[in-house]
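Participant:
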Amino acid sequence: DEKAGVAACLGATWIAGGVVGTIPLLAQSLRPGGVILIGEPYWRQLPPTEDVARGCLAGSISDFLLLPELLASFGHLGYDVVEMVLADQDSWDRYEAAKWLTMRRWLEAHPDDEFAKDVRATLTSDPERYAACTREYLGWGVFALMKR
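Residue numbers (my numbering): 278 to 425.
#1: Using DSSP with H/G/I as helix, E/B as strand and the rest coil, what is L342?
#2: In the structure shown, what three-state DSSP assignment does R331 receive?
#3: Would you report the Cα separation of G282 and I338, rounded to the nearest angstrom?
#4: A421 and L303 look like a contact to me (Cβ under 8 Å); what is the Cβ gap, rounded to whole Å?
#5: Taking C-beta to C-beta, are D357 and R308 nearer than 7 Å?
#6: Enumerate in chain order the residues of its own chain whose CB-to-CB distance from V501 is below 8 Å, with the five nearest sequence positions on each side excluded.
#7: Using only the alpha-carbon positions, how far apart do T377 and D403 sit?
#8: May I have the straight-line CA-CA distance separating H353 from W383, to the nearest angstrom?
Encoded structure:
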């Protein structure tokens, strides 16, 4: 098997049980000196309650780490962080708001669809949920890692 120079998992580390399970899986496909890219959420600040964490679409506060802890976790797994790109609040706003417009347009085009009621409920609640929870507490980044 030919090994790759880059192996990536962006936003789906849960499939392998989190970062701890994903990095070894990606490393199997990586040639020496290659780069692993991990896209992962982190807490910008700890939510004050579990309800706020759930408002960030997390199962609980323990689902994510603070950014310094996430960076340290890569080191504990034997990897150096060699680059990172973090979403700021403005880019999160654009990402979230684009979903609201898409839902609105979908509702206009499919008013009688079996999912219309659920999409309407989401569109009604998501802007407030996002402003109250996700925007202040949840961050997301892509981290480039190289084996030590």
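Where a beta carbon is used, it is the ideal one built from N, C-alpha and C, also for glycine. All values reported here derive from a predicted model rather than from experimental measurement.
Facilitator: Judging by the given coordinates:
#1: As a working note, residue 342 is residue 65 in the sequence shown. Under the three-state reduction of DSSP output, L342 falls in the coil class, being neither helix nor strand.
#2: Here residue 331 refers to the residue found at position 54 when the sequence shown is read from its first residue. DSSP, reduced to helix, strand and coil, places R331 within a helical segment of the structure shown.
#3: Mapped onto the sequence shown, residue 282 falls at position 5. Mapped onto the sequence shown, residue 338 falls at position 61. The straight-line gap from Cα to Cα measures roughly 34 Å.
#4: Within the sequence shown, residue 421 is the residue found at index 144, counting from 1. Within the sequence shown, residue 303 is the residue found at index 26, counting from 1. With 8 Å as the limit, A421 and L303 do not qualify as a contact, their Cβ atoms being about 12 Å apart.
#5: By 1-based counting over the sequence shown, the position of residue 357 is 80. By 1-based counting over the sequence shown, the position of residue 308 is 31. No. Outside cutoff.
#6: Because residue 501 is not part of the residues shown, which for the chain are 278 to 425, the question remains open.
#7: In the sequence shown, counting from the first residue as 1, residue 377 sits at position 100. In the sequence shown, counting from the first residue as 1, residue 403 sits at position 126. It is worth fixing the name first, because residue 377 is Trp in this sequence and not Thr. If you draw a straight line from the Cα of W377 to the Cα of D403, it comes to about 8 Å.
#8: By one-based count along the sequence shown, residue 353 stands at place 76. By one-based count along the sequence shown, residue 383 stands at place 106. The alpha-carbon of H353 is positioned some 45 Å away from that of W383.
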